[in-house]
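Protein chains in written order, with the numbering used here: chain W, 21 to 367; chain V, 21 to 367; chain X, 21 to 367; chain E, 21 to 367. Positions of the beta carbon are idealized from the N, C-alpha and C atoms, including for glycine.
Protein chains: 4
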Amino acid sequence: MPIRVGIIGATGYVGGELIRLLARHPSVELVGLTGRDRRGDPVAAVHPHLATSDLTLDSELVADADAVFLALPHGTAATLVPDLLARGISVIDQGPDFRLRAAADYPRWYGFEHPHPELLGRAVYGLPELHRSELRAAATARLAGAPALVGSPGCYPTATLLALAPLARAGLIDDLVVDAKSGVSGAGREAKAEMLYAEVNESVRAYGVAGHRHTAEIEQELGGLGMTPMAVDFLPHLVPMTRGILAACHVRPSRPVAQDELDALYAEAYRDEPFVTVVGAAPATGHVLGSNHARVFVRAGERTGRVLAIGVIDNLVKGAAGQGVQALNLLFGLDETAGLDALPLAP
Amino acid sequence: MPIRVGIIGATGYVGGELIRLLARHPSVELVGLTGRDRRGDPVAAVHPHLATSDLTLDSELVADADAVFLALPHGTAATLVPDLLARGISVIDQGPDFRLRAAADYPRWYGFEHPHPELLGRAVYGLPELHRSELRAAATARLAGAPALVGSPGCYPTATLLALAPLARAGLIDDLVVDAKSGVSGAGREAKAEMLYAEVNESVRAYGVAGHRHTAEIEQELGGLGMTPMAVDFLPHLVPMTRGILAACHVRPSRPVAQDELDALYAEAYRDEPFVTVVGAAPATGHVLGSNHARVFVRAGERTGRVLAIGVIDNLVKGAAGQGVQALNLLFGLDETAGLDALPLAP
Amino acid sequence: MPIRVGIIGATGYVGGELIRLLARHPSVELVGLTGRDRRGDPVAAVHPHLATSDLTLDSELVADADAVFLALPHGTAATLVPDLLARGISVIDQGPDFRLRAAADYPRWYGFEHPHPELLGRAVYGLPELHRSELRAAATARLAGAPALVGSPGCYPTATLLALAPLARAGLIDDLVVDAKSGVSGAGREAKAEMLYAEVNESVRAYGVAGHRHTAEIEQELGGLGMTPMAVDFLPHLVPMTRGILAACHVRPSRPVAQDELDALYAEAYRDEPFVTVVGAAPATGHVLGSNHARVFVRAGERTGRVLAIGVIDNLVKGAAGQGVQALNLLFGLDETAGLDALPLAP
Amino acid sequence: MPIRVGIIGATGYVGGELIRLLARHPSVELVGLTGRDRRGDPVAAVHPHLATSDLTLDSELVADADAVFLALPHGTAATLVPDLLARGISVIDQGPDFRLRAAADYPRWYGFEHPHPELLGRAVYGLPELHRSELRAAATARLAGAPALVGSPGCYPTATLLALAPLARAGLIDDLVVDAKSGVSGAGREAKAEMLYAEVNESVRAYGVAGHRHTAEIEQELGGLGMTPMAVDFLPHLVPMTRGILAACHVRPSRPVAQDELDALYAEAYRDEPFVTVVGAAPATGHVLGSNHARVFVRAGERTGRVLAIGVIDNLVKGAAGQGVQALNLLFGLDETAGLDALPLAP
């Protein structure tokens, strides 16, 4: 019997990507899609690439869904979750409302008081490579009647944490600059003048120079892996492409470290991961386009002693919808790669 | 038991796309990949997006393949085919060597004498939407011991013929201008200065103004559908994108024709086609990116009486590798959509 | 003494381009810039590429300007012009309000009744290559006290008319399809979801399939050159680039015509034109980027008898602001190339 | 009397940009252009955007040039310079052969022994913002009969040094990571498969991870400004655009520093610079496209104490040809902005 899945917020880019993936998932039935102001519209009218779909946007979610994905502006998801959980529906929130453990981080980084801080401890940070056992525990609890709550990671943190996790676990990070580059789909589908083609094309720029919100997740999760608590310098850039994130992590190690040791550390960390591949040449975001794959690269700087760790992902798949599906698979006891086996598209 | 498939010419863009599709095909086993000068190299070294693959490029194709794809420069495939057929291997040629029925068209359009004109009558033009019964006949003959030979259509002809087939069959084409736009991946992976990013970016240009080779296929196939023989004006353009072809077909109809009649004609023609969708708004190439889908649009011009028919495809999928796989499926009695069910990628 | 020039509508792309050109014009002083909702803002805040400018956006235009450019939505300019003319200010309207001679064309193509049809006969269609003598007559009248009124041509008509003028004058156009491709800056700077980078990138699409407004200008001007009145099929496409228009004009000639005759016709037509160059190979829009130059190419089709004429321009320069400045130069008796001598930018 | 200028290596992107700028320079006459294998070709055949030019590529440089630009592969210029100087011709080398002061840096970073180390002390590093007085001294020496030799800076060092110079002079740099992003025109016009449009488009990647050659210039010049000698971590990225460089410089300051102090430092440093503008919001490369302008931004990190300094330029103008022309102007006593007054092109 298929898992009955709904999507709240199905009209944006993450929503569209969830439909694309779940419509081909071997164990999922899409039972409800909702999207702002589009009640009754066929999916094809909102997402022309899904013109072969016969799904329709409803105003109300089917009541007996097993799981619901939320792809909503921050602050909105938090208000919906208690009711969904109360109805026994597991929730995978693609926004930030359930990523942070400390309630105080919400006013600080997102500018709102979290309406349900009591749920933050229950939520799992949905990066399977770091929290697989917690996701499995949530799966067990789900079978016992407690619906699961997952805060699916941000796109930048995903690329950054995959690149840095082996170093953080080994206590090797003494100082850290993360300089990241992203395509523009992460900015969403709302009409904004600064995201017009003519504004973005043939130009690169930094943004969030006063402190990007994803810094909070990065610090929380690196701390959880054992990194000495520190304020991380995280600087994102917008580059003229649609999809893809590259995080270049410049690490001052806590002791001199040789390439051999790094190679062993990374090989060990990702040996059995279905979606993370350690590569020996600097990876490009184009190598993972349209897929749930990540590539990780690490290099000891001979002249300076600094370590460079690079992670690349597709921000809408491994950085959003695909990662959510990966969590769904774990929550429902499926093969972790179900519905996610597409290879990257190139050129 | 899986179909054992080889690829000769696996290092280019069409070769890479064949690997991407066939590696996930439920009924295919890749048993041999060859590529110029890359003997012994892992696929990952040639196609970094396929880094998770453990396939290797061999110099020799496994002798007992059931079918072989050829992704080679024109003129090369023609010399290899007789031996492959003699060994009982069915051949799907992604190049032009077996697309044209008249041997005289090869020196005229491609500048070489066809070395095996006796095979041209045996070859099937591999556009399933036009030649499904012939592909099925070839499948039957294959079971009886005669390996099949398919000339897989060119990218421009695919978009053009799908847009025009209903009009051609109805005898409605009196005069025709095809103005097409393509991404640059169709130009291949060879290093050419005019295909450098800095040359292609932020610019559009026409090419092949003296007569593009794909004109021959277009005229042959439209004639086969019943269009009065005529010289077709076909003008391709290079646009700054990687994938995608849009063919805008400007048709002077042989008699006045209303939108209703066109709508009925197209609905009827494509009602049961798994990969062709007739749409009511002008389609974009981005609506089919990375998929084997095509979109077709038709409109009667109220002021001028001309009919506009538009077809869009992904040139590397429906315009090349995907179409070849679709033919393979028919030749081997599989579901025509096997291995081709990925939805388009957007944005 | 410099010409005192104002710009109404200085915040959009055409407005910004006018500032860029006029700020470096040797005989112009910018005396007033106005733009919606930006009263008092420095130009640098609206146009970051003009950060070195010390100009400011005012709410009121300086009263004693010699000339004013209007870069406004259609229908708006028409209401402002009578007052400007009454104050003795010459007007160059970059919008369509004074391009068409027949008042009836406005409700038909633009959906509004022209508020001042009495001015349509006075206005000059500001394509110097076709209407230089009228622009010079307006210059003479200006000196005699009658301020000039110029309707600066649309971007698509500019590329199309330059490509076709020699054929139209020679009475050689018997049937015509214009298939045009444009970068997206022509769509303006307003935030529209369909013009987001992620929507435009890596995709090409036709639009205006029910009849683009620029058709009216094309038919009017070709008729003025002697073409038998006919309804023209004009189809524009949006391609993923910021600037540039290519118009491919497919002409069924009224009699067979050889390449030699075409070459002579075009050489003669453009011999003394400072901004139009006839080229022997198909031109790219990238060849004129950022400049007021146009390139024109013509070829007799040997197989089909059809003639292909191609024109390329930068839509924001020769297709808008540059063309307006060229008209200004003529109206004020300056060298026609003043302020417009920048060479194209490539790559 | 104009300055008589030649270009050796006029067929590449820097060569084309030099022609574009110098053809419109008010005090320059182009008297000789040479380029590999293109003897006798018109410039228009090599650079289609310069189709209005009547210049031709010669095999021999006119003997009585006043100055020559070299746009050649590294190692080639060094062999030509002694003869040019002996003939009394001043030389501006756009390559690296005369940028470094220590002869030992050439085998170390570029893999060749410098054939004329005796000239390295005579050469001026042609960044006017740092070495204006030396360029003026060279101008004086030139008048006294000693032709000048300028090593025009690399593109990455230009963006980096302009961003960091005020910090380096103030002794504020204690640790430094430079994370840079570049368009692909810096890779030149040679046909390379990895620079094909289809390879570069929709992808970002780091390169030179083992140590990019421009690191040598950066360390040399920051040292010259007073930075404590240190090995700098410099990591360049290739982004999908043609022109533009952004250098994000992550600085651990030697003492806590407030935004006010930084603002004063940068305002003072660049107050009178015609081409460097300090901006208050993170700049984009698109803000300087096609111009010799640079934008610099600095920000004190409140949480981490690190300082972020960003510089953006057009790599082919301020990062190459324009900077060379700026040096030429100084060497010949002209206004430093002569021929360089074009404003940036946007959108």
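Exercise. In three-state terms, what does DSSP make of E/D334?
Worked result: coil
Problem set entry | Separation of X/L192 from X/L282, as counted between CA atoms | 10 angstroms
For this session: Check whether the Cβ atoms of W/F295 and W/A268 sit closer than 8 angstroms, and answer yes or no.
Result: no
For this session: Return yes when the Cβ of W/L363 is within less than 8 angstroms of the Cβ of V/L348, no when it is not.
Result: no
Exercise. In chain X, what lies closer than 7 angstroms to W/S205 by C-beta?
Worked result: A218
For this session: From the DSSP output, in three-state form, read off V/F118 for me.
Result: helix
For this session: Can you tell me which of W/G32, W/P367, W/I23 and W/I27 puts its alpha carbon nearest to the alpha carbon of V/S205?
Result: W/P367
Exercise. V/I330 versus chain X: which residues are under 7 angstroms apart at the beta carbon?
Worked result: A226
Exercise. Per DSSP, X/K201 forms a beta bridge with which residues?
Worked result: X/H257 and X/L266
For this session: Indicate whether at least one CB of chain E lies closer than 8 angstroms to the CB of W/D199.
Result: yes
Problem set entry | Host alpha helix (DSSP H) of W/E237 (start-end) | H234 to G244
For this session: Take X/D334 and list the residues in its own chain whose beta-carbon comes closer than 7 angstroms to its own, dropping the five residues that flank it on each side.
Result: R263, G264, V308, L309, G310 and S311
Exercise. Just reading off the beta strand (DSSP E) that E/I112 is part of, what are its end residues?
Worked result: S110 to D113
Exercise. Does W/M261 get closer than 8 angstroms to chain E when you measure Cβ to Cβ?
Worked result: yes
Exercise. Short check: CB of E/G11 to CB of E/R209, under 8 angstroms?
Worked result: Nothing about residue 11 of chain E can be reported from this structure: the residues present for chain E run from 21 to 367 only.
For this session: Say whether chain E places a C-beta atom closer than 8 angstroms to the C-beta of X/P46.
Result: no
Problem set entry | Short-range partners of chain W found in the segment 89-122 of chain X, where Cβ spacing is below 9 angstroms | none
Exercise. Using the C-alpha atoms, what's the distance from W/V318 back to E/G141?
Worked result: 39 angstroms
For this session: Spell out whether any CB of chain W is found under 8 angstroms from the CB atom of X/K338.
Result: no
For this session: Report the option in E/E239, E/Y217 and E/L365 whose CA atom is closest to the CA atom of E/R121.
Result: E/E239
For this session: Starting from E/V82, trace the alpha helix (DSSP H) both ways and give me its first and last residue.
Result: Where E/V82 is concerned, there is no enclosing alpha helix (DSSP H), given that its DSSP letter is neither H nor E.
Exercise. Quick one: what's got a C-beta closer than 6 angstroms to V/G228's C-beta in the same chain, skipping five residues either side?
Worked result: P256
Problem set entry | chain X within 8 angstroms of W/A366, Cβ atoms only | no
Exercise. Under a three-way DSSP split, which group does V/E214 fall into?
Worked result: helix
Problem set entry | Sufficient close CB pairs (3 or more, under 8 angstroms) joining the segment 154-161 of chain E to the segment 118-132 of chain E | no
Exercise. Span of the alpha helix (DSSP H) holding W/G344?
Worked result: G342 to L351
Problem set entry | Buried versus exposed call for V/D292 [16 or more other C-beta atoms within 10 Å across all chains shown] | exposed
For this session: Identify whether X/V224 lies in helix, strand or coil by the three-state DSSP scheme.
Result: coil
Problem set entry | Whole-Å CB distance - W/D113 paired with W/G165, under 8 angstroms assumed | With 8 angstroms as the limit, W/D113 and W/G165 do not qualify as a contact, their Cβ atoms being about 20 angstroms apart.
Exercise. Are the C-beta of V/Y290 and some C-beta of chain W separated by less than 8 angstroms?
Worked result: no
Problem set entry | Simplified DSSP state of X/G146, which is helix, strand or coil | coil
Problem set entry | Nearest residue (CA-CA) to W/M250, options E/G35, E/R326 and E/Q343 | E/R326
For this session: Return the chain-ordered ranges of every beta strand (DSSP E) run that is complete within the segment 299-334 of chain V and spans a minimum of 3 residues.
Result: 314-320 and 327-333
Exercise. V/V88 and V/G174: beta carbons closer than 8 angstroms?
Worked result: no
Exercise. Excluding five sequence neighbours on each side, which residues of the same chain lie with their C-beta closer than 7 angstroms to the C-beta of E/R225?
Worked result: H257 and L258
Exercise. Got a sec? Which residues, its chain only, sit under 7 angstroms from E/V197 by beta carbon, not counting five neighbours each side?
Worked result: D253 and H270
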